[in-house]
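Chemist: Have a look at the structure that comes next, please.
Protein chains: 2
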Amino acid sequence: MSGLSTQAEPRRVIAALLERGDKDKLATYLDRLPPAEVAHALLRLPEDDRGRLLELLDPEDAADVLHDLPYEEAIARLEDLDAEDAAAIVSEFAGTERAQYLAELEDEDAEPILAALPADEAAAARAQMRYEENSAGYLMDAAFLAYPEGKTVGEILADMRANAERYAEFDVQYAYVLSAGGALRGVLRLRDLVLRPRATPAAEIMLPNPVSVRADAPLDTLTQLFDHHSYIGVPVVDADGHAVGVLRRRAVAEAAEERAEGAFMKLSGIVGGEELRSMPMLQRSLRRLAWLGPNIVLNMIAASVIAAFQGTLEAVIALAVFLPIVSDMSGCSGNQAVAVSIRELTLGVLKPTEFLRVFFKEGGLGILNGTILGALLGAVAWLWKGNLWLGAVVGGALALNTVLSVLLGGLVPLVLRRFKVDPALASGPILTTCTDMCGFFLVLGLASAVLSRISL
Amino acid sequence: MSGLSTQAEPRRVIAALLERGDKDKLATYLDRLPPAEVAHALLRLPEDDRGRLLELLDPEDAADVLHDLPYEEAIARLEDLDAEDAAAIVSEFAGTERAQYLAELEDEDAEPILAALPADEAAAARAQMRYEENSAGYLMDAAFLAYPEGKTVGEILADMRANAERYAEFDVQYAYVLSAGGALRGVLRLRDLVLRPRATPAAEIMLPNPVSVRADAPLDTLTQLFDHHSYIGVPVVDADGHAVGVLRRRAVAEAAEERAEGAFMKLSGIVGGEELRSMPMLQRSLRRLAWLGPNIVLNMIAASVIAAFQGTLEAVIALAVFLPIVSDMSGCSGNQAVAVSIRELTLGVLKPTEFLRVFFKEGGLGILNGTILGALLGAVAWLWKGNLWLGAVVGGALALNTVLSVLLGGLVPLVLRRFKVDPALASGPILTTCTDMCGFFLVLGLASAVLSRISL
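Okay, structure coming up:
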């Protein structure tokens, strides 16, 4: 590799090989580089170069590169490629993955790619794309092995040997046993096929009445199912009880991981659930403003409460010091309650209707924590200004507002879940606006009520 | 089941069966209930009753119940049981899971349970507990099948048949091929054993030089490995290249999911990464105060900046309205940058040393977003009070503080990662304190500088 030290920064090596158009060396180099290094280096190339690189590589190698990239970036690259190039790459993916990538694209980007795919792959992808995101049907492998009840171990093994090549992509560990009508009767573990005499009929070694899952079952149901059972996979059935695919534990675990990562990002105000600093600046800015914009409006509404109490503030300017503290601390307390509610809803140990449970569990805790925090802040205010009434106003306001914040924080996710709004995204702004307004109102309202005592 | 309608609330049915001490009916009832319902019902029983229930059930049934409970709750229950009862239940777990549960317990709780376990189970658990949490060694299955290079397909299948019962718990899909010295030479897929002629020697059908992973590799490395490769599992080797276990894709995905859930909770101020409302009130309160306590102190320090500018505030009371807005909006902007840095670090596309990249990527965006938000807030201030200078002060302060917040938010997780502090837990408070102080200082400092212009 003349002029290219292997010690060189991967980004420079890749840029140089891309410049030369040496697709074979490029493919070899990328394949040997640890996956995180591939992503790290490529995300530092100009966006156009990333596109050119995928066009230059053979589809199989390009598919490998897409696997190394963060999901959001892989989707962006597919969107930018010609439909034919994208189809050639997507065709290298496994069936389920192909459908999931295509489902992530806008319709106008997905349709030309589907049209350029081999007919059978396109039909299979379309079928799977019809399922709701993260449902059993969306996450399952639609390719599976199935045999009629009467087949013997020997016959099944012979069929497997004869079709070894074709079945290789099925990632075979199970086969289903079906009735003549196609209804799921049992599951054969590959292990049992190996370990049992060859004359045994399938019906005898199958696990009958297997646990199965409906294709429309949502992710929460699926995570709870796999928590309960130690199965590696379960059959997926349609409304008529016909087997339509196999859902693997790892597909569920990976989807749950992605959802948790997305929730983390949304909670922090990354609206789409993902941002990479390699994205165009304007796109990053607009996405962040989509969160900041509504927030600044809500903030102004909340702060307008302060404006209404201008006279009180003028009389006791020290109150201005405590307003941000009360607002911030109430936000913290409320966010803790939000997180616990979201978590309990995900685990299934809290139902979206259980308002009373949350009310009492959070109310009790709010009184406890509110008293402690209020006493602390009140004492500081008292000592600072030597005015007990000021301490009582500030401490009382924080105590009351803490109770209110944890109640609201605990309950808002339940309400949002019932209205099918994502609690990770919307709970924070709703909570903060309400607790800010109430906090300001409590501090300034209480102060106004005892103004003669504190404006000394 | 006299007097117990099957329509009754599961919690009441369970309480009644527990009261009667009818362990068989209880076990059957719990086994038939969907797992989320089991957790939902049990978490609504008094804590003592949950303990009594586990003592009453046979260890196998109790182990099933623990699987249905949230992890944190299952750990708490094991802590409360007698060591003998806990050992009998833990003994029903798979080996890896047993080690992981025991590793989660305090040493003083784990030791008596280990002492009460069968010697071989205890030794295996101790060996696995020595690995760092979420490393390959911690997550792997230590039980695996291995054969010498010379064995044939026929011999291997015969061994598998002869030992079917014993191997059943291995969850067999792969076998390793080892050298005489125990070094990993290749991997045999069970599939290939089934599909190849029986006289073929293992060395010929094994996948040679398999991708393997060191036992001390951390979770980030493991998630990136499985993103890159489509393997179901990879062999784990020690420093000498000897096979010590098999790491499955789903174990990695499940660990990554748990970590993401924990990060979500920590970001919201649930310090331990988990809270359930079924925990004792005092424990919940103390855990939340562990986060709120330091926060209120930091808040007071930040607000002390306001106290220093009392004169300016007295002259322009309207400034008190804008202080919480600037503080809150800067916090929002900074948290977005924090989330993106944590995410990029996890994905491996950002290294903890890349301060300059973050500086420029966030700086540019901060100038853009700061200008837009500052202009908006400044315009509102101007229009409200009809004072252009006031608008300039407030808008300029928000613009500058936004730049500062995104820089700080982007960089703090990198610094924390280098000092091995969890960025999800510590970034928020550090960020908010700094941006609050700077925000207050900018608004009031700028106002003081042009006081004669705005105090009309």
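Protein chains in written order, with my numbering: chain P, 662 to 1117; chain H, 662 to 1117. We put the beta carbon where it would ideally sit given N, CA and C, even for glycine.
1. Out of M926(P), L1086(P), F887(P) and P1090(P), which one is the CA nearest neighbour of R962(P)?
2. Provide the residue span of the beta strand (DSSP E) that contains G906(H), from first to last.
3. Are the region 753–771 of chain H and the region 714–730 of chain H touching, with three or more C-beta to C-beta distances below 8 Å?
4. Does any C-beta atom of chain H lie closer than 8 Å to the C-beta of S1022(P)?
5. Counting pairs of beta carbons, one from the region 950–966 of chain P and one from the region 999–1011 of chain P, are three or more of them closer than 8 Å?
6. For the 8 Å Cβ check, are there 3 or more pairs between the region 692–703 of chain P and the region 970–979 of chain H?
7. What are the boundary residues of the alpha helix (DSSP H) that includes G1119(P)?
8. Which same chain residues end up closer than 7 Å to D853(P) when comparing Cβ atoms and leaving out the 5 residues on each side of it in sequence?
9. Go through the region 743–821 of chain H residue by residue and report every complete run of the beta strand (DSSP E) that reaches 3 residues or more, in order.
10. If the cut is a Cβ gap below 9 Å, which residues of chain P does I1033(H) touch?
11. Could you confirm whether any beta carbon from chain P is found closer than 8 Å to the beta carbon of A700(H)?
12. Secondary structure at Y836(H), three-state DSSP: helix, strand or coil?
13. Count the other CB atoms within 10 Å of the CB of G1100(H); is the residue buried (16 or more) or exposed (fewer)?
14. Between the beta-carbon of V1111(P) and the beta-carbon of V1041(P), is there less than 8 Å?
15. Closest to H701(P) by CA distance: which of E794(H), G1052(H), L1029(H) and V1010(H) is it?
16. Where A914(H) and A914(P) are concerned, what is the direct C-alpha to C-alpha distance, given to the nearest angstrom?
17. Could you please give the first and the last residue of the uninterrupted beta strand (DSSP E) stretch that includes V895(P)?
18. Determine, using beta carbons only, whether M801(P) comes closer than 8 Å to chain H.
19. So what does DSSP say about L706(H), is it helix, strand or coil?
20. Please classify M637(H) as buried or exposed, where buried requires at least 16 neighbouring CB atoms within 10 angstroms.
21. Helix or strand or just coil, what does DSSP make of P858(H)?
22. Could you tell me whether the Cβ atoms of G1031(H) and A1060(H) are closer together than 8 Å?
23. Kindly list, in the order they appear in chain P, the residues whose Cβ is closer than 9 Å to that of Q971(H).
24. If you run the structure through DSSP and keep just helix, strand and coil, what is V1019(H)?
25. Starting from H903(P), find everything on chain H with Cβ-Cβ shorter than 9 Å and list it in chain order.
26. Starting from V674(H), follow the alpha helix (DSSP H) in both directions and report where the run begins and ends.
27. So, with DSSP's three-state summary, where would you put G847(H)?
28. If you draw a straight line from the alpha carbon of G995(P) to that of L1069(P), how long is it in whole angstroms?
29. Do G815(H) and R859(H) have their beta-carbon atoms positioned less than 8 Å apart in this structure?
30. Tell me the rounded alpha-carbon separation between K1081(P) and P1013(P).
31. Any chance the region 673–684 of chain H sits against the region 982–992 of chain P, with 3 or more Cβ pairs inside 8 Å?
32. Counting C-beta neighbours from all protein chains within 10 Å, is the total for L1107(P) 16 or more, i.e. buried, or is it exposed?
33. Looking at C-alpha atoms only, which residue of R827(P), E918(P) and P720(P) is the closest neighbour of L778(P)?
34. Is there at least one Cβ from chain P nearer than 8 Å to L1029(H)'s Cβ?
35. Residues in the same chain with beta-carbon distance under 6 Å from D802(H), minus the five sequence neighbours each way, listed in chain order, please.
36. Check distances from the C-beta atoms of the region 874–897 of chain P to those of chain H and list, in chain order, the residues that come in under 9 Å.
Modeler: For this structure:
1. Counting from one through the first sequence, the residue named residue 962(P) turns up at place 301. Correcting the residue identity first, residue 962(P) is Ile in this sequence and not Arg. Out of M926(P), L1086(P), F887(P) and P1090(P), P1090(P) has the C-alpha closest to the C-alpha of I962(P).
2. Here residue 906(H) is taken as the residue at index 245 of the second sequence, counted from 1. Per DSSP, G906(H) belongs to the beta strand (DSSP E) from A904 to R909.
3. yes
4. Working through the first sequence from its first residue, we reach residue 1022(P) at position 361. The question names Ser, but residue 1022(P) in the sequence shown is Lys. So yes, K1022(P) belongs to the interface.
5. no
6. no
7. Within the shown structure, residues of chain P are numbered from 662 to 1117, placing residue 1119(P) beyond reach of any answer.
8. Taking the first residue of the first sequence as 1, we reach residue 853(P) at position 192. Closer than 7 Å at the Cβ level, and outside the excluded window around D853(P), lie I866.
9. 806–809
10. Here residue 1033(H) refers to the residue found at position 372 of the second sequence. The contacting residues are S946, L950, L953 and G954.
11. On the second sequence, position 39 is the one that residue 700(H) refers to. So, interface residue.
12. Residue numbering aside, residue 836(H) sits at position 175 when the second sequence is read from its first letter. According to the sequence shown, residue 836(H) is Ala rather than Tyr. Strand at A836(H).
13. As a first step, residue 1100(H) is located in the second sequence; it is residue number 439 there, counting from the start. Its Cβ being crowded by 16 or more others within 10 Å, G1100(H) is buried.
14. By 1-based counting over the first sequence, the position of residue 1111(P) is 450. By 1-based counting over the first sequence, the position of residue 1041(P) is 380. No. Outside cutoff.
15. Start at 1 with the first residue of the first sequence, and residue 701(P) comes out as number 40. Of the listed residues, the one whose Cα sits closest to H701(P) is V1010(H).
16. Taking the second sequence and counting its residues from 1, the one referred to as residue 914(H) is at position 253. Taking the first sequence and counting its residues from 1, the one referred to as residue 914(P) is at position 253. For A914(H) and A914(P), the distance between alpha carbons rounds to 5 Å.
17. Taking the first residue of the first sequence as 1, we reach residue 895(P) at position 234. G894 to V898 is the extent of the beta strand (DSSP E) around V895(P).
18. The residue you call residue 801(P) lines up with position 140 of the first sequence. Not closer than 8 Å to any Cβ of chain H, the Cβ of M801(P) fails to qualify, so no.
19. By one-based count along the second sequence, residue 706(H) stands at place 45. Of the three classes helix, strand and coil, the one that applies to L706(H) here is coil, per DSSP.
20. Nothing about residue 637(H) can be read from this structure; chain H reaches only from 662 to 1117.
21. Taking the first residue of the second sequence as 1, we reach residue 858(H) at position 197. P858(H) falls in the coil class under three-state DSSP.
22. For the purposes of this step, residue 1031(H) is taken as the residue at position 370 of the second sequence. For the purposes of this step, residue 1060(H) is taken as the residue at position 399 of the second sequence. It is a contact, given that the beta carbons lie within the stated cut-off.
23. Along the second sequence, read from residue 1 onward, the residue named residue 971(H) stands at position 310. Simply I978, A979, A981 and V982.
24. Looking up residue 1019(H) in the second sequence gives position 358. Helix, per DSSP.
25. Translated into the one-based positions of the first sequence, residue 903(P) becomes position 242. None at all; the shortest Cβ gap to chain H is about 23 Å.
26. Position 13 of the second sequence, counting from 1, holds the residue named residue 674(H). Taken as a continuous stretch (DSSP letters only), the alpha helix (DSSP H) holding V674(H) covers P671 to R681.
27. The residue given as residue 847(H) occupies position 186 in the second sequence. Strand, per DSSP.
28. As a first step, residue 995(P) must be located in the first sequence, where it is residue number 334. As a first step, residue 1069(P) must be located in the first sequence, where it is residue number 408. Rounded to whole angstroms, G995(P) to L1069(P) spans 7 Å at the Cα level.
29. Here residue 859(H) corresponds to residue number 198 of the second sequence, with the count starting at 1. Here residue 815(H) corresponds to residue number 154 of the second sequence, with the count starting at 1. Yes, the Cβ-Cβ distance between R859(H) and G815(H) is below 8 Å.
30. Mapped onto the first sequence, residue 1081(P) falls at position 420. Mapped onto the first sequence, residue 1013(P) falls at position 352. Roughly 11 Å between the two C-alpha positions.
31. no
32. Within the first sequence, residue 1107(P) is the residue found at index 446, counting from 1. L1107(P) should be labelled buried.
33. Your numbering for residue 778(P) matches position 117 in the first sequence. Nearest option by C-alpha distance: P720(P).
34. Stepping through the second sequence from its first residue, residue 1029(H) is reached at position 368. For L1029(H), the answer is yes, since a Cβ of chain P falls inside 8 Å of its Cβ.
35. Against the second sequence, residue 802(H) aligns to sequence position 141. Excluding residues within five positions, the ones whose Cβ falls inside 6 Å are T757, G906 and V907.
36. D881, T882, T884, Q885, L886, F887, D888, H889, H890, S891 and I893
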